[in-house]
Amino acid sequence: MLAKTTSDKGLLEVEFLQIPDLKGKDVLTLNDLTASQIKHIIRGALYLKNKKSRGIKPLKGKVLGMIFNKPSTRTRVSFEVAMWQLGGYGIFLNTNDLQIKRGEPIKDTARVLSGYVDGIVIRTHDHKEVEELAHYAEVPVINGLTNLAHPCQILADLLTIYEVKGKLAGLKLAYVGDGNNVANSLLLGCSKMGINIWVSSPKGHEVDDEILSLAQKAALENESQVVVTNDAAEAVKGADVVYTDVWVSMGEEEEKKGILEVFKAYQVNSQLLKLAADDVVVMHCLPAHRGEEITDEVIEGKGSIVFQQAENRLHAQKALLAMVL
Ligand code: CP
Ligand code: NVA
Numbered sequence: 056m057l058a059k060t061t062s063d064k065g066l067l068e069v070e071f072l073q074i075p076d077l078k079g080k081d082v083l084t085l086n087d088l089t090a091s092q093i094k095h096i097i098r099g100a101l102y103l104k105n106k107k108s109r110g111i112k113p114l115k116g117k118v119l120g121m122i123f124n125k126p127s128t129r130t131r132v133s134f135e136v137a138m139w140q141l142g143g144y145g146i147f148l149n150t151n152d153l154q155i156k157r158g159e160p161i162k163d164t165a166r167v168l169s170g171y172v173d174g175i176v177i178r179t180h181d182h183k184e185v186e187e188l189a190h191y192a193e194v195p196v197i198n199g200l201t202n203l204a205h206p207c208q209i210l211a212d213l214l215t216i217y218e219v220k221g222k223l224a225g226l227k228l229a230y231v232g233d234g235n236n237v238a239n240s241l242l243l244g245c246s247k248m249g250i251n252i253w254v255s256s257p258k259g260h261e262v263d264d265e266i267l268s269l270a271q272k273a274a275l276e277n278e279s280q281v282v283v284t285n286d287a288a289e290a291v292k293g294a295d296v297v298y299t300d301v302w303v304s305m306g307e308e309e310e311k312k313g314i315l316e317v318f319k320a321y322q323v324n325s326q327l328l329k330l331a332a333d334d335v336v337v338m339h340c341l342p343a344h345r346g347e348e349i350t351d352e353v354i355e356g357k358g359s360i361v362f363q364q365a366e367n368r369l370h371a372q373k374a375l376l377a378m379v380l
C-alpha cells in the first residue's frame, strides 16, 4: 500500500516530481490514471501537506488557466492557492467573460490558450466539451467537474480516507444518493484502490453504465467489489465510509423540479448510520443541502470528516499539478 510520509524530504521530493508518465497528461476522468499513479498522487499530497515541505516551488513561472462555466468555491480557490503556493499562477476565466460566451468554439479557445498557459482546468456541463478542449489543447487539461465526472474531488477523498483509516484496500465505502458525477468518479477511484464500493440510488438515477463497466473491470484487477443497488440500508450495512452528495446537481434544477420525494429514502441520517461500522466516517464533497441528502446532526457529528476532505482538495491538486505541469 502507500508508504507513509517519511522525514526524508529530499528523497520524497525527488521521487514525486520525477514521474515522467504523468507529465503533460490530461486528466478528464480517473480512468486516465493508473492505480499506481493515483497512489503516487496521494503520496505526493501527503508530502506537500507536511509543513516541512512548505517553500518548495516546482511550478515557478508556470501559469494555469482555469475556465469555469459553473459556480465553485472549493475547486476554484484550491487550484488558485495550489498554483500560488507552488510558485506559479492561476488565472480564473469565467466563461461569461470569455469569447466562448459569444460563440467562439472550444477548439479555437483551446489552441489560443495553449499559447499562453502551461495547463488548463475546466469546469463545465457537457463532458464532451472537456474532451474537445483536451483534443485541441497543446497543454494538459484537468477536469474540474463535468456532468459525468469529478476526478479531482475523488483524489482528495482517497487522500482523506487514507489519512483517517490508514489504508484504502479492503475498506467498504457506501455511496447513498444520486448516481451523479461524484458517484461515477468514486466508482473508478475506489475500484482502482481496492476499496469495496456500494452505490445505492433510486431507480432512474443510477450511475453511468460505461463508467460502471470500467469500475467492474478495475475491481476484478484489484480484488475488490463494485455493487450497485436501490437499497440504501443494504449498501450502508457494515460500511467504513458513508458518502453522499446533493440530489440535484448544478444545471439539473429544472429537470429535477419536485424530485425530492424520490430521494427521501436516501438521506444520510443517524438512523441509517446505525447500520454502518461503529467507527464509520461520513463524507460529502460539499456544498451540502442539510435536511435533504444529509441531516445537520450527521454533518456536524463526530464521524463527519467533510472539512478535512475539503482542505485536502488543495493538497491533492498540488500533487497533481506538480506532476502534470
Ligand atoms: N466539491 C466541490 O467541487 O466544490 P465546489 O463546487 O465549491 O468547487
Ligand atoms: N454533484 C454536484 C457536485 C458539486 C461539487 C454537482 O455537480 O453540482
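For the sequence shown, the working numbering assigns the number 56 to the initial residue and increments by one for each residue that follows. All residues carry an ideal CB built from backbone N, CA and C; glycine is no exception.
Quiz prompt | residue 224 and residue 81 closer than 7 Å at C-beta | solution = The answer is no: Cβ separation not under 7 Å.
Exercise. Confirm the yes/no value for this check: CB of residue 305, any heavy atom of ligand 2, distance under 6 Å.
Key: yes
Quiz item: alpha helix (DSSP H) containing residue 95: first to last residue?
Solution: 90–104
Practice problem: Quick one: using the 10 Å Cβ neighbour count with 16 as the cut-off for buried, is residue 109 buried or exposed? | Solution: exposed
Quiz item: Using a threshold of 6 Å, is the CB atom of residue 340 nearer than that to any non-hydrogen atom of ligand 1?
Solution: yes
Quiz item: Do you know offhand how far residue 383's Cα is from residue 286's?
Solution: Residue 383 cannot be examined here, being either before or after the span of the chain that is shown, 56 to 380.
Quiz item: If you compare alpha carbons, which of 343, 137, 317 and 154 is closest to residue 362?
Solution: 343
Quiz item: Three-state secondary structure (DSSP) at residue 291?
Solution: Of the three classes helix, strand and coil, the one that applies to residue 291 here is helix, per DSSP.
Quiz prompt | Beta-carbon spacing of residue 233, residue 260 below 7 Å | solution = yes
Practice problem: Determine the direct distance from the alpha carbon of residue 378 to that of residue 113, and round the result to whole angstroms. | Solution: The straight-line gap separating the alpha-carbon atoms of residue 113 and residue 378 is approximately 9 Å.
Quiz prompt | Three-pair Cβ contact test at 8 Å for the stretch 297–314 versus the stretch 328–337 | solution = Contact between the stretch 297–314 and the stretch 328–337 is present, because at least three Cβ pairs lie under 8 Å.
Quiz prompt | Cα-Cα separation, residue 126 to residue 368 | solution = 16 Å
Exercise. With DSSP collapsed to three states, give me the class of residue 85.
Key: helix
Quiz prompt | Proximity below 7 Å, CB of residue 134 to CB of residue 143 | solution = no
Quiz prompt | Helix, strand or coil at residue 339 according to DSSP, with G and I counted as helix | solution = strand
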